[in-house]
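As given, the protein sequences belong to chains V and A, one line each in that order. Per this note's numbering, residue 1 is the first one in the first sequence, and the count goes up by one each step. Per this note's numbering, residue 1 is the first one in the second sequence, and the count goes up by one each step. In what follows, a structure is listed as structure tokens, so that the remarks can point back to it.
2 protein chains.
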Amino acid sequence: MNYFLNWNDHTGSQAEKFYKTTLWQGEQVMVGMNCLEPNQRQDTHAHQGADKFYFVLEGCGSFTVGSEERDAEQGSLIIAPAGIPHGVSNNSQERLSLLVAIAPPPGK
Amino acid sequence: MNYFLNWNDHTGSQAEKFYKTTLWQGEQVMVGMNCLEPNQRQDTHAHQGADKFYFVLEGCGSFTVGSEERDAEQGSLIIAPAGIPHGVSNNSQERLSLLVAIAPPPGK
Numbered sequence: 001m002n003y004f005l006n007w008n009d010h011t012g013s014q015a016e017k018f019y020k021t022t023l024w025q026g027e028q029v030m031v032g033m034n035c036l037e038p039n040q041r042q043d044t045h046a047h048q049g050a051d052k053f054y055f056v057l058e059g060c061g062s063f064t065v066g067s068e069e070r071d072a073e074q075g076s077l078i079i080a081p082a083g084i085p086h087g088v089s090n091n092s093q094e095r096l097s098l099l100v101a102i103a104p105p106p107g108k
Numbered sequence: 001m002n003y004f005l006n007w008n009d010h011t012g013s014q015a016e017k018f019y020k021t022t023l024w025q026g027e028q029v030m031v032g033m034n035c036l037e038p039n040q041r042q043d044t045h046a047h048q049g050a051d052k053f054y055f056v057l058e059g060c061g062s063f064t065v066g067s068e069e070r071d072a073e074q075g076s077l078i079i080a081p082a083g084i085p086h087g088v089s090n091n092s093q094e095r096l097s098l099l100v101a102i103a104p105p106p107g108k
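Spelled out as structure tokens, the structure:
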């Protein structure tokens, strides 16, 4: 397999819903990307039994985790522990690209 | 807890060995940082049963994963699946800072 990737090669865009792609999935973790165009959002949801984090690659997002709501930009790490509701909106004028890791992977 | 962090607030340096810090640890994943000054290295090692990835935050590293050896710079994702030997050297003149995730966390 190819162990080396660059996120810049994996951005994408969808008109109807934010873009999601898996970069790699193992037994223990899934790592992927979410790209939100301006005005796109990921509704608040929770993963029972799975820890998740986002890392902001480009742009600025308005994140909700539990009862906290905060804008976070490039270089921010946002933690969503198992069972804690979380979501993100892109209220900016630029694309928001996020590295996302979920452990264990959804469906495992 | 604080769900929002920025990696720039968590860099560090050690003369005797590369710098390691944990940003967050849950039941399912540990996310942290490794900072390697020029000429520092992380020897090749493997995590049995734990998937790992590195994300290059700044600088350039010479990574080994399995039988692959490659330089990777800012924006690169390097996958080290469970049981696959991996390591990194900083052969550059600048600090190498890496976001690191291990699932499940070491010791779990």
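Ideal placement from N, C-alpha and C gives every residue a C-beta, glycine not left out. Model, not experiment: these values are computed from the prediction.
Can residue i and residue j be called in contact, C-beta distance under 9 Å?
i     : j     : result
G61/A : L99/A : no
A46/A : A80/A : yes
L57/V : I78/A : no
Among the options, which residue has its Cα nearest to the Cα of residue i?
i      : options                       : result
R95/V  : P38/V, K17/V and W7/V         : P38/V
K20/A  : F63/A, T44/A and V31/A        : V31/A
E73/V  : Q14/V, V88/V, I84/V and A82/V : V88/V
R41/A  : W24/A, E16/A and G49/A        : E16/A
A103/V : V29/V, E58/V and S92/V        : V29/V
W24/A  : N90/V, Y3/V and K52/V         : K52/V
T11/A  : L36/A, E69/A and F4/A         : L36/A
F63/V  : A50/V, G49/V, N2/V and I84/V  : I84/V
A50/V  : A82/V, M1/V and N2/V          : A82/V
E69/A  : G59/A, L77/A and H86/A        : H86/A
Taking CB distances under 9 Å as the criterion, tell me whether residue i reaches chain A.
i     : result
E68/V : yes
N6/V  : yes
G26/V : yes
Count the other CB atoms within 10 Å of the CB of residue i; is the residue buried (16 or more) or exposed (fewer)?
i     : result
T44/V : exposed
S76/A : buried
Run down chain V in chain order and give the residues with a C-beta less than 8 Å from the C-beta of residue i.
i     : result
F53/A : W24, V29, V31 and A101
Mind listing the chain A neighbours of residue i? Cutoff is C-beta to C-beta under 7 Å, in chain order.
i     : result
A72/V : F4
S89/V : Near S89/V there are no residues of chain A at all, since even the closest Cβ is about 15 Å away, more than 7 Å.
P81/V : G26
Check the Cβ of residue i against every Cβ in chain V and list those closer than 9 Å, keeping chain order.
i     : result
G75/A : N6, W7, N8 and L57
9 Å is my cut-off, CB to CB: does residue i come that close to chain V?
i     : result
A50/A : yes
Mind pulling the chain A residues with CB within less than 8 Å of residue i?
i     : result
P85/V : Those within 8 Å of P85/V in chain A number zero; the least Cβ separation is about 11 Å.
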